[in-house]
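*Asks:*
In UniProt numbering, the protein residues as written are 1 to 796.
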């Protein structure tokens with residue numbers, strides 16, 4: 001306790017540099033602890049579910065002539081079939097999406113709310129994915145067609161948990177669907193791979209969809225195994241179930257092999273390659289920051305040995321043992337650590353909005369969770385390191401130092417610590433440059449279509465007459481150049497369907513199916529037609545199909561079309577012509593044109609399958625608007641016109657180029673994380689550098705004065721310090737650049753197209769760090785280099 005009192009009283013003692021130590025440590029701790037908490041949070045996904053280790057997601061595996069793969073959704077009958085026929089499965093349930101993020105709906109009172117993700121679910125869904133139920137009985141509510149349960153947060157927005165019971169709502173995009181709220185469940189935590197605000201009874205889905213075994217694989221299916229049962233032990237029973245319910249002869253005709261297996265729910269998020277990549281990068285960033293902060297604290301502590309040598313020696317001469325010295329230094333470190341930790345917590349909560357934007361998680365969920373024990377352990381390790389190393393060096397100061405003019409410099413220790421800090425600075429600065437280059441490349445790369453003057457909005461809730469009216473009204477605006485409609489956009493994830501040739505049931509390969517487009521779509525998107533022609537427009541039923549260049553190249557492996565693809569017929573699963581089939585089409589679609597390849601998805605999640613387009617004369621659910629010049633005023637005019645045409649909806653334009661940038665928001669967030677980490681690491685390193693330079697100036701003041709008396713110029717004095725520092729800064733930064741190269745290469749593996757890791761980037765990054773280091777050294781030595789040597793000698 002005595003040592004703690006002394007440590008507190010010495011906080012502001014001159015020559016201890018306690019302020020620099022505490023500030024640099026607190027800043028480093030604040031960022032590093034947040035990053036470490038984020039890593040733990042990502043690894044904790046779905047652990048809040050009871051018996052989470054026994055819950056598995058059903059996945060289908062398939063083998064076709066085109067290759068093999070896995071798909072995380074299965075047909076409707078699979079989950080219930082497993083529950084009935086596979087011993088060892090305790091419970092099984094299904095969910096399927098019917099609406100996405102930000103889905104708006106209205107009440108009979110015309111009040112409008114929005115929900116993030118609406119799914120249909122079996123009535124036993126909360127038996128498998130257990131959440132506290134605040135209102136209603138899920139087995140009763142979700143057994144009634146078109147009844148729904150909502151989350152606590154959504155219920156509170158609508159007036160309260162009890163107030164929502166019995167309210168009838170209508171989603172804007174599905175005006176014919178009337179849902180009755182019959183229950184409320186506790187919010188799904190942030191660390192869940194499956195989040196939703198509303199569940200609707202699965203009994204509203206048609207029976208065929210819920211009971212089929214092949215195709216229509218839209219269902220997220222989960223099973224809970226009995227205690228002690230492993231997925232491997234169930235494989236024979238699952239295979240036998242598959243043979244019983246799926247006609248293997250029909251599957252052989254189509255050239256498809258199908259099977260089902262289980263994936264642990266705990267790996268649905270943390271086991272993905274994207275998450276593993278992110279965790280590795282965040283770990284590197286957190287380690288570099290924490291390491292730099294700790295090394296800087298030790299460096300400043302060691303630097304104070306110059307001023308505290310006699311103090312420690314006097315303690316020893318009065319009988320203090322090495323253990324007593326250790327205790328004294330550890331007490332000081334403990335006080336500094338507590339202040340730094342409190343300051344770090346203050347910084348974290350002060351910047352919580354920025355942190356939530358960068359990491360996508362609230363500060364409360366990061367710090368106030370089960371991961372708090374890990375953060376405390378990290379702080380304990382930091383405390384031991386920052387206390388042990390200075391304590392070890394202080395304890396070795398000889399007693400004789402009290403009786404002679406002795407100054408301990410520990411120069412080798414200090415240069416070694418600076419060396420490590422410069423490595424971290426060089427690594428993060430060059431890593432930042434590579435991440436920023438890749439991000440800029442992705443958001444400006446040409447996707448193969450024009451979108452710089454493009455905007456769109458959702459008109460799914462309107463009938464065909466009102467959709468046509470929207471297009472007509474928008475074309476009357478002078479700032480609008482063209483309009484069209486589409487079923488889907490190249491930005492998103494597209495459905496997959498299989499290709500067959502006439503006279504064969506074999507399914508050859510899978511395509512990215514964009515379904516239908518309206519009049520002028522290819523012209524509006526500026527997608528070139530490289531062979532044949534575009535669709536014949538304004539026909540009630542179209543039997544034409546357009547394919548991309550990759551499709552033509554792919555189908556040449558299966559079809560002999562020496563005169564090209566134009567006029568050839570193909571069949572696409574999911575596009576059964578039904579009652580519209582005629583003798584001319586025979587159920588097939590005729591290729592009328594070939595368009596140039598363009599990107600579907602993003603460079604981070606590129607869909608490289610061949611793609612197809614169909615035509616519809618009926619306006620589709622996405623309204624596309626191409627401006628003569630995209631300005632805020634023009635967008636406002638269109639939004640106002642949309643409000644006039646759709647007064648009961650709150651639809652506004654989405655700017656396509658903004659959505660393209662948002663495709664790479666994870667990359668942008670990581671860039672900003674590295675930017676913050678790099679700046680803080682560099683600042684902490686420079687604090688250590690300035691502290692070291694000051695100590696060297698004080699220690700060598702007499703030497704420098706004598707050099708000046710003997711004719712040394714100011715530049716000669718500065719050069720002594722520059723040479724001293726640059727001898728470690730140059731190789732340290734180069735080592736950091738080498739590390740940055742390998743880390744950047746690892747990070748870029750997630751992208752299909754990437755910028756080259758050009759040597760000039762590393763050269764510029766290294767030069768930038770060296771120049772900043774040199775400027776700091778010159779700044780700190782300029783005064784002593786130009787001072788009067790007599791004044792320095794008088795003080796000796």
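Cβ atoms here follow ideal geometry from the backbone N, Cα and C, with glycine treated the same way.
If the criterion is Cβ atoms closer than 8 Å, does the pair residue 131 and residue 188 meet it?
*Replies:* Indexing the chain shown from 1 puts residue 131 at position 131. Indexing the chain shown from 1 puts residue 188 at position 188. Judged by beta-carbon spacing, residue 188 lies within the 8 Å limit of residue 131, meaning their Cβ atoms are closer than that value.
*Asks:* Is it right to say residue 570 is buried, meaning 16 or more other beta carbons lie within 10 angstroms of its own, or is it exposed?
*Replies:* Locating residue 570 in the chain shown gives position 570, where the first residue counts as 1. Classification of residue 570: buried, given that the 10 Å Cβ count is 16 or more.
*Asks:* Could you tell me which residues DSSP puts in a beta bridge with residue 516?
*Replies:* Within the chain shown, numbered from 1, the residue matching residue 516 stands at position 516. In the DSSP output, where bridge partners are listed per residue, residue 516 has 614.
*Asks:* Might you give, ordered along the chain, the residues of its own chain that have their beta carbon closer than 6 Å to the beta carbon of residue 579, omitting 5 neighbours on each side?
*Replies:* Working through the chain shown from its first residue, we reach residue 579 at position 579. Note that residue 579 scores 49 on pLDDT, short of 50, meaning its location in the model is unreliable; the coordinates nonetheless yield the value given after this. Around residue 579, the same chain offers no residue with a beta carbon nearer than 6 Å, after the five sequence neighbours per side are excluded.
*Asks:* With a cut-off of 8 Å on the beta carbons, I'd call residue 197 and residue 77 a contact; round off their distance for me.
*Replies:* Here residue 197 is taken as the residue at index 197 of the chain shown, counted from 1. Here residue 77 is taken as the residue at index 77 of the chain shown, counted from 1. Rounded, the Cβ-Cβ distance is 28 Å, inconsistent with contact.
*Asks:* Per the contact definition of three or more C-beta pairs closer than 8 Å, is the segment 441-448 in contact with the segment 760-773?
*Replies:* no
*Asks:* Could you tell me the distance, in whole angstroms, from the CA atom of residue 406 to the CA atom of residue 324?
*Replies:* What you label residue 406 is simply residue 406 of the chain shown in a count that begins at 1. What you label residue 324 is simply residue 324 of the chain shown in a count that begins at 1. Bear in mind that a pLDDT of 48 at residue 406, under 50, signals an unreliable position, so the number given afterwards is only what the model happens to contain. Approximately 22 Å between the Cα atoms of the pair.
*Asks:* Which value, in whole angstroms, describes the spacing of the CA atoms of residue 618 and residue 682?
*Replies:* Residue 618 sits at position 618 when you count from the first residue of the chain shown. Residue 682 sits at position 682 when you count from the first residue of the chain shown. Distance between the alpha carbons of residue 618 and residue 682 is about 60 Å.
*Asks:* Using the rule of at least 16 other Cβ atoms within 10 Å of the residue's Cβ for burial, across every protein chain shown, is residue 439 buried or exposed?
*Replies:* Here residue 439 is taken as the residue at index 439 of the chain shown, counted from 1. Looking at its Cβ environment, which holds 16 or more other Cβ atoms inside 10 Å, residue 439 is buried.
*Asks:* Pop quiz: residue 296 and residue 24 are said to be a contact at Cβ under 8 Å. What is the actual Cβ separation, rounded to whole angstroms?
*Replies:* Locating residue 296 in the chain shown gives position 296, counting from the first residue. Locating residue 24 in the chain shown gives position 24, counting from the first residue. The Cβ separation is near 5 Å, so the contact holds.
*Asks:* Kindly indicate which three-state DSSP category residue 130 falls into: helix, strand or coil?
*Replies:* Mapped onto the chain shown, residue 130 falls at position 130. Coil, per DSSP.
*Asks:* So residue 128 packs on residue 55, CB below 8 Å; how close in whole Å?
*Replies:* Along the chain shown, one-based indexing puts residue 128 at 128. Along the chain shown, one-based indexing puts residue 55 at 55. The pair is a contact, with the Cβ atoms about 6 Å apart (cut-off 8 Å).
*Asks:* Report the residue from 70, 89, 625 whose alpha carbon sits nearest the alpha carbon of residue 79.
*Replies:* Here residue 79 refers to the residue found at position 79 of the chain shown. Looking at the Cα atoms, 89 is the closest of the given residues.
*Asks:* When the Cα of residue 252 is compared with those of 597, 504, 535, 775, which residue comes out closest?
*Replies:* Here residue 252 is taken as the residue at index 252 of the chain shown, counted from 1. Nearest C-alpha to residue 252: 504.
*Asks:* Going by beta carbon distance, what residues of the same chain come within less than 6 Å of residue 91, once the five residues before and after it are set aside?
*Replies:* Within the chain shown, the letter at position 91 stands for residue 91. 127, 128, 224, listed in sequence order.
*Asks:* Per the contact definition of three or more C-beta pairs closer than 8 Å, is the segment 643-658 in contact with the segment 426-441?
*Replies:* Counting Cβ pairs under 8 Å, fewer than three are found: no touch.
*Asks:* State buried or exposed for residue 798, treating a residue as buried only when at least 16 other CB atoms are found within 10 Å of its CB.
*Replies:* With the chain represented from 1 up to 796, any question about residue 798 goes unanswered, as that position is not in the structure.
*Asks:* Does the beta-carbon of residue 328 have 16 or more other beta-carbons within 10 angstroms, so that it is buried, or is it exposed?
*Replies:* Position 328 of the chain shown, counted from the first residue, corresponds to residue 328. It is buried - the Cβ of residue 328 has at least 16 other Cβ atoms within 10 Å.
*Asks:* Which full runs of the alpha helix (DSSP H) of 4+ residues lie inside the segment 543-577, going along the chain?
*Replies:* 549-555
*Asks:* Alpha carbon to alpha carbon, how far is residue 698 from residue 728? Give it in angstroms, no decimals.
*Replies:* Numbered from its first residue, the chain shown carries residue 728 at position 728. Numbered from its first residue, the chain shown carries residue 698 at position 698. Spanning the two alpha carbons is a distance of roughly 21 Å.
*Asks:* With DSSP as the reference, please indicate the residues paired to residue 198 in a beta bridge.
*Replies:* In the chain shown, residue 198 corresponds to position 198, counting from 1. Paired residues: 118, 150.
*Asks:* Per DSSP, what kind of secondary structure is residue 661 in: helix, strand or coil?
*Replies:* Residue numbering aside, residue 661 sits at position 661 when the chain shown is read from its first letter. In the structure shown, residue 661 sits in a helix (DSSP, three-state: H, G or I).
*Asks:* Please identify the residue among 112, 740, 677, 227 whose C-alpha is closest to the C-alpha of residue 173.
*Replies:* As a first step, residue 173 must be located in the chain shown, where it is residue number 173. Residue 173 has its Cα closest to that of 112, out of 112, 740, 677, 227.
*Asks:* Quick one: what's residue 37 bridged to in DSSP?
*Replies:* For the purposes of this step, residue 37 is taken as the residue at position 37 of the chain shown. Answer is none; residue 37 lacks a bridge partner.
*Asks:* Go ahead and label residue 282 buried or exposed: buried means 16 or more other beta carbons lie within 10 angstroms of its beta carbon, across all protein chains shown.
*Replies:* Within the chain shown, residue 282 is the residue found at index 282, counting from 1. Buried, because 16 or more other Cβ atoms sit within 10 Å of the Cβ of residue 282.
*Asks:* With a CB to CB cut of under 8 Å and the five nearest residues on each side skipped, what residues in its chain are close to residue 778?
*Replies:* Translated into positions along the chain shown, residue 778 becomes position 778. The residues are 718, 722.
*Asks:* Let me check understanding here. Comparing Cα to Cα, which of 375, 321, 357 lies closest to residue 344?
*Replies:* Position 344 of the chain shown holds residue 344. Closest by alpha carbon: 375.
*Asks:* Which word fits residue 171, buried or exposed, when buried means at least 16 other C-beta atoms lie within 10 angstroms of its C-beta?
*Replies:* Against the chain shown, residue 171 aligns to sequence position 171. By the 10 Å Cβ count, residue 171 comes out buried.
*Asks:* Over the uninterrupted beta strand (DSSP E) stretch that includes residue 592, give me the two end residues.
*Replies:* Here the question's residue 592 lines up with position 592 in the chain shown. Its beta strand (DSSP E) spans residues 589-595.
*Asks:* Would you mind working out which of 663, 373, 48, 685 sits nearest residue 265, comparing C-alpha positions?
*Replies:* Here residue 265 corresponds to residue number 265 of the chain shown, with the count starting at 1. Considering only alpha carbons, the answer is 48.
*Asks:* Helix, strand or coil: which one does DSSP assign to residue 103?
*Replies:* Counted from its first residue, the chain shown places residue 103 at position 103. Reduced to three states, the DSSP call for residue 103 is strand.
*Asks:* Does the contact criterion of 3 or more C-beta pairs under 8 Å hold for the segment 234-245 versus the segment 142-156?
*Replies:* no
*Asks:* Taking just the CA atoms, how far does residue 596 sit from residue 133?
*Replies:* For the purposes of this step, residue 133 is taken as residue 133 along the chain shown, with counting starting at 1. For the purposes of this step, residue 596 is taken as residue 596 along the chain shown, with counting starting at 1. Spanning the two alpha carbons is a distance of roughly 52 Å.
*Asks:* Let me check understanding here. Comparing Cα to Cα, which of 623, 652, 622, 206 lies closest to residue 815?
*Replies:* No statement about residue 815 is possible, as the shown extent of the chain runs from 1 to 796 and does not include it.
*Asks:* State buried or exposed for residue 783, treating a residue as buried only when at least 16 other CB atoms are found within 10 Å of its CB.
*Replies:* Taking the chain shown and counting its residues from 1, the one referred to as residue 783 is at position 783. In this structure residue 783 is exposed. Its beta-carbon is surrounded by fewer than 16 other beta-carbon atoms within 10 angstroms.
*Asks:* Can you give me the C-alpha to C-alpha distance between residue 97 and residue 462, rounded to a whole angstrom?
*Replies:* As a first step, residue 97 is located in the chain shown; it is residue number 97 there, counting from the start. As a first step, residue 462 is located in the chain shown; it is residue number 462 there, counting from the start. Between residue 97 and residue 462, the C-alpha separation is close to 21 Å.
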